[in-house]
Structure formats: structure tokens, C-alpha cells
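A quick write-up on the structure given underneath.
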Amino acid sequence: MMVSIGSASRSYCFMAVMLLSPLSHFPTVFASTSANDPPGSHDVSTHRRAIIGGTIAPQGKFPYVASLVSASGAHTCGGSLIANDTVLSAAHCFGAFERVELGRYNIDDEDEEFESYSVRQIVRHPLYGSNSGSESFDLMLIKLDGVSSLPSVRLNDDAGAPNVDGASLVVAGWGDIDPRAYVQELADELREVEVKYVPNDECAEAYGSNLITDDMMCAADIDEDSCQGDSGGPLIVHAYGDDDPSNDVQVGVVSWGNGCADPNYPGVYSRVGEEYNWIVKNLCALSDYLPDYINCPDDYATAQIQFDHYPEEISMKLENILSGDVLFDRPT
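Read left to right, the sequence shown gives residues -31 to -1, 1 to 301 (mature numbering (1 follows the signal peptide of the UniProt record, and there is no 0)).
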């Protein structure tokens, strides 16, 4: 932007920090919010919306799992609390929800105590939708209009992990428990399913190398998978027998796949470690309650100054208002 200063003008160029949707309090609903409609505005026939197989999760085991709820009160997507005021989900869920619920266990229990928040701000990955035909960069951050008392999940910061073929991972959500049924049937109680890591090269053999990119990861198991209703939910490394959710690490975000629990097509997830820097940079800009392990990058800005024909008549000073340090003083 150009800002007039006396006889000169000054242009500030801030390095891109985040892509913000034009929201003030509630997100605009761009898509149908029926429980039978796919979320988002892209072709979502392959988007994951349920836990297939698996078991009912013990209450309190995954306190950071969020439910994204439409204006009609229907669960549309999952998410994960990554800071006390910020939820991570899938970008393709944008427009399909109006509020975020935390602390839910049985989503059909009207007497259940839980936290409900409207949305203050949404940040979608700026590259989502840029690769035609691919669901690359399917990530979204949601700033809540309030602060949750529940624990958040730790994010994986290693772009190369997981990398062991067959490593055990866990998905949690309320998705369609029987996709073969004519009418979608969401789980009432939070469910969990164990899936096995599938290397990207093997996953690309099923889908094609043009559809499986470095920011994705795959996982599958016989008759068990994420499916319709689980989009945006967390894929985590969970130590069985360890009841402390603070030891869980989120490695993926439920994104897409061909069918559900199809032995020939693994489920596809956004790889958190690959986009960790983008997540953290935007989380630092959004959240007022960052987890202790998050190290925010230094803030920086680039200033471009254009002088008129009388630069000697112009004086400027750039000062850090917090420390008092003078960063630039002209003339000196």
C-alpha cells in the first residue's frame, strides 16, 4: 500500500504470512450443510467422511478431536485442537460448517456437556486447489471465538515421518460407519481405528504419481479406514496402553481416497510434517495461547521507500516500539 509522508510516499511490502478468508465472526456457508452432502466447493466425491471398522473409543481418550457443525446442527467434518483457541482441519471442509464443538463424545446426546464456539477467522493453505485434479495442501486453520479448556494435540515436525511401512497409526472420528448403506449413518459415539502406514510410492501405484504428492501420506488396513464424515480429523501416533493424550502426536489430516476400506486404495492424508512450517507460521499469527513446544519464527517486514525530487528534505525513523531499538534513522 502507498502511504503519503510529507512530500514523499512510502510503500510497505510485507512478506506473505497467511491467506485469510473475509470472515469477521461466522464463516459464510457456501455449500449445502445437509448430512448427505459432501463438504466444500470442490469435487469431493473422494473426500473421506467416516470410520470403517474400528471400535468405540473410550471417553476422554482423544479430548482434542473436534466436530465441525453445520447451521442445521449436523456433523460435517472433523478437526483437532492444536492450540487452546485454534483447530486444524481439511481445507475442503471450508464452507460446510458454522461452529466448532469440542469435548463431544456422543454427538446425538443433547444432554452431553461440551464446548461450542463460533468461528473468528479461517486460514486455508494458499496452494490448496492450485493443482487441478489433486487434493494437495488440504489444510485449514480455524481460530475459535473463545478459549478451550481441553488439551491440544502435539504436531509432528518431521517431514520424513512416519516412514516405516506398516507402522501403526490411529484415526478418530464420527464418520459414516457403513458406506454401503443407501442412507448415510454417522457414528453416535467417537470411534477409533488402527491403520497401517503405506509408503507414498506404493500409494502412487494405486492412484497415480500425479495424484500422490510429497505433502500427502497414505494409510490402510483390511476392512478398516477413514471415510465420509471423518474429513479433517487427525491421524495420530498413539502409544497403546498410554492413557495420556499429551503423548499423542498428529502426523496427518484426513483428506481423501477412492471408496472406503477398499483394499486396493489406501486412505490419503495431508502430511503434517511436510507442512509443519506453514502451520506454525500461521498458528503463531492466529493463536493467543500457543503450546510450549511451538517456536514462532521471527517477524519481519520489507519496506520500499520512494523519494521525490527533494530527498534531502525528508527524515524518517524506524523504531521497535517494544524494545525502543532504533532500526533506521535518516539522516544520521
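Where a beta carbon is used, it is the ideal one built from N, C-alpha and C, also for glycine.
Helix, strand or coil at residue i according to DSSP, with G and I counted as helix
i                : result
glutamate 174    : helix
glutamate 288    : strand
asparagine 75    : strand
alanine 52       : strand
serine 58        : strand
glutamate 282    : helix
proline 214      : helix
phenylalanine -6 : With a pLDDT of 28 at phenylalanine -6, under the threshold of 50, the modelled position of this residue cannot be trusted; read the value that follows with caution. Three-state DSSP puts phenylalanine -6 in coil, outside helix and strand.
Beta-carbon contacts of residue i that lie in its chain and below 7 Å, excluding the five residues immediately before and after
i                : result
serine 85        : Arg68, Glu70
asparagine 53    : Val116, Ser117, Ser121, Tyr258
isoleucine 25    : Glu158, Arg160
alanine 188      : Leu138, Val164, Lys165, Tyr166, Val167, Leu204, Pro235, Gly236, Tyr238
asparagine 75    : Glu81, Asp157, Glu158
glutamine 28     : Tyr74
leucine 124      : Ile51, Gln219, Val241, Tyr245, Ile248
tyrosine 33      : Ser49, Leu50, Leu119, Pro120, Ser121, Val122, Pro214
aspartate 184    : Ser105, Phe106, Ser239, Arg240, Glu243, Glu244
phenylalanine 63 : Gly9, Ile91, Arg93, Met109
glycine 23       : Arg160, Glu161, Val162, Glu193
The beta strand (DSSP E) enclosing residue i, as first and last residue numbers
i              : result
lysine 165     : 160 to 167
leucine 138    : 137 to 142
glutamine 90   : 84 to 93
isoleucine 205 : 203 to 206
leucine 110    : 109 to 113
Own chain residues within Cβ distance below 6 Å of residue i, not counting five before or after
i                : result
proline 168      : Asp134
glycine 47       : Gly142, Asp199, Gly201, Gly202
leucine 287      : Leu296, Phe297
valine 139       : Glu161, Glu163, Ile205, His207
phenylalanine 83 : Glu70, Gly72, Arg73
asparagine 100   : none
alanine 128      : Gly242, Glu243
aspartate 294    : none
leucine 180      : Ser103
alanine 173      : Ile181
serine 224       : Ala59, Glu104, Asp107, Val237, Tyr238, Ser239
aspartate 78     : none
phenylalanine 31 : Ala141
cysteine 265     : Cys253
alanine 136      : Tyr166
Counterpart residues of residue i in DSSP-defined beta bridges
i             : result
histidine 44  : Val38
serine 239    : Met185, Val222
valine 69     : Leu37, Tyr86
cysteine 295  : Note on residue identity: the sequence assigns valine, not cysteine, to residue 295. For valine 295, which the question treats as bridged, DSSP gives the partners Glu288.
isoleucine 25 : Arg160
aspartate 267 : Beta-bridge pairing links aspartate 267 to no other residue.
Span of the alpha helix (DSSP H), counted from its first residue to its last, around residue i
i           : result
alanine 128 : Looking at the DSSP string, alanine 128 is not in any alpha helix (DSSP H), and its letter there is neither H nor E.
leucine 252 : 245 to 255
Chain B contact for residue i (CB, 8 Å cutoff)
i             : result
asparagine 53 : In the structure shown, chain B does not exist; there is a single protein chain.
Own chain residues within Cβ distance below 8 Å of residue i, not counting five before or after
i             : result
tyrosine 176  : Asn227, Tyr234, Val237
aspartate 114 : His(-7), Tyr86, Ser87, Val88, Arg89
proline 260   : Ile51, Ala52, Ser121, Arg123
Cβ-heavy atom distance, residue i to the ligand PLP, below 7 Å
i           : result
glycine 177 : Annotation note on the ligand PLP: not contained in the displayed structure, which lists no ligands.
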